[in-house]
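These protein sequence lines map, in sequence, to chains A and B.
10 is the number of the first residue of the first sequence in the working numbering; add one for each residue after it.
1274 is the number of the first residue of the second sequence in the working numbering; add one for each residue after it.
From the three backbone atoms N, C-alpha and C, an ideal C-beta is built for every residue, glycine too.
Working notes, structure below.
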Amino acid sequence: MVTALLIIHGILAMFLVGAISHQTLGLFWPKRPGQTGFVSRVRVTNSQGYVNAILVLYCMTFVLGAYIYPTYRVFVRPPLQDLQLTYAIGLFEVKENFAAICLALLPSYWYFWKKMPEYKLSTQAITAILFCTIWYNFIAGHILNNVRGFA
Amino acid sequence: MNKIAARVFPAFAIGFALFYAPGYSFTGNTSTVSWPLFTYFPAIEQWRWLLVTGNDNSGPPMWWYGWIASSVIVGLVFALIALLLPERAIRNILATLVWIVPICAFLFLLNWELPWFVTGWKPIWFN
């Protein structure tokens, strides 16, 4: 059961990474009229269209992660401590903390995108924070999932 | 609605981050302040109020849920205070602090998380 939830957590995170990447690229490096290449298609023109999807995906991924966290604490972290793989524990510590702070940022993220377009710097900064956090958490989660292979 | 949200949402994020970062950093078996609102013991599936340390019978404690709960309360208090202040006066300040404070919180947290990655690292707080 937990393994299935972990896989769903990973799949949702993958969708989230895709959505935030499209949005961030579209925000900082928007597609220009006439550009049709593969890379320019990744740089979407309607970045705002991703806001609700990112909100929902982030919350779903977060809730699932929080639900399976106790399994990590009881069954995964103690062996990591025994193996002295402190970097792996550290990767997870950073992940959980960044995820929590970004969760509290979500209402502001939605608000600045939807209601306060004149505050462009705030919108860009919050989006960049989410982009970095989501990518870090995605990579850290995968390393942690595969850590026995690295050990 | 817009005038309320312009203060409530950023103030909540700021209050949350301002409490969460030291909450994580200063929680430990010898803490004198209970930063988490409650502790969860996953091995025995029990919840206890405030900061409780683990032992051989209870297994490892989880404070993460408790930190989030405490931070939500602090965030709501910040949001309430922001509601009492004039919207025009604080709108620009909140719009800036809403991203500066989380970045500072990340840096503060990284300082406390570096010992996991760098052997012998001591958080700058104590240096």
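**Study point:** Assigned secondary structure, Asn1328 (chain B) (DSSP; H/G/I helix, E/B strand, else coil)
**Key:** strand
As a quick exercise: from B:Phe1381, B:Leu1324, B:Ala1378 and B:Pro1396, pick the residue whose alpha carbon is nearest that of Phe1311 (chain B). B:Leu1324
task: Taking Leu1382 (chain B) as the query, report the chain A residues whose CB atoms sit under 9 Å from its CB, ordered along the chain.
output: Glu102, Val103, Asn106, Phe107 and Ile110
Anything in chain A within Cβ reach of Pro1359 (chain B), meaning under 7 Å, just list it in chain order. Per Cβ cutoff of 7 Å: no residues; Pro1359 (chain B) is ~17 Å from chain A at best.
**Q.** Asn106 (chain A) to Met69 (chain A) span [Cα, whole Å]
**A.** 17 Å
Measuring CA to CA, which of B:Trp1336, B:Val1306 and B:Thr1305 is closest to Gln1319 (chain B)?
B:Trp1336
Distance check for Gly43 (chain A) and Lys1395 (chain B), CA to CA, integer angstroms please. 54 Å
Return the residue from the list A:Ala62, A:Thr45 and A:Phe47 that minimises the CA-CA distance to Tyr118 (chain A).
-> A:Ala62
>> Using a Cβ distance threshold of 8 Å, determine whether the segment 1326-1334 of chain B contacts the segment 1369-1385 of chain B, with at least three qualifying pairs required.
In response: no
- Element boundaries [alpha helix (DSSP H), containing Tyr78 (chain A)]: Val60 to Thr80
*asked:* Between the alpha carbons of Met10 (chain A) and Val1347 (chain B), how many angstroms are there, rounded?
replied: 35 Å
In angstroms, rounded to a whole number, what distance separates the CA positions of Thr136 (chain A) and Leu1358 (chain B)? 27 Å
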